[in-house]
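One structure below.
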Amino acid sequence: MPQDPVCGKEINEGEARASTGQTMHGASEVDPQMGTRCFHDGTWYYFCSLGCRTKFLGSPNTYLDQGSS
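Read in order, the letters of the sequence shown are residues 127 to 195 in the numbering used here.
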């Protein structure tokens, strides 16, 4: 299971990727309560919440450097 790089929580990848509908413009929409993800530097990262994702997007190297030490 992937781990949230911000808080370390294990994420159920299937739930984070599950489609719950579409926006009025036809884009896939997911339930952020089940987790969310973003693509950064060639890799998908999974998050337990939009808050963790927002922190990661603000400074991804801060969290990626923590994981490598």
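Don't be surprised by glycine CBs; every beta carbon is placed ideally from N, CA and C.
Treat the numbers as computed from the prediction; the structure is a model and nothing was measured.
So, at 7 angstroms on beta carbons, what are the nonlocal neighbours of residue i in its own chain, with the 5 sequence-adjacent residues on each side left out?
i	result
residue 179	162, 164 and 173
residue 130	137, 172, 173, 174 and 178
What residues in its chain sit with their C-beta under 6 angstroms from that of residue i, if we drop five residues either side in the sequence?
i	result
residue 132	178, 181, 182 and 189
residue 168	none
Using the Cα positions of residue i and residue j, report the straight-line distance between them to the nearest angstrom.
i	j	result
residue 166	residue 151	24 angstroms
residue 138	residue 128	7 angstroms
residue 191	residue 185	11 angstroms
residue 143	residue 187	24 angstroms
residue 135	residue 170	16 angstroms
Cβ of residue i within 8 angstroms of any heavy atom in the ligand SAM?
i	result
residue 170	For the structure depicted, the ligand SAM is absent and the ligand set is empty, with no information on it obtainable.
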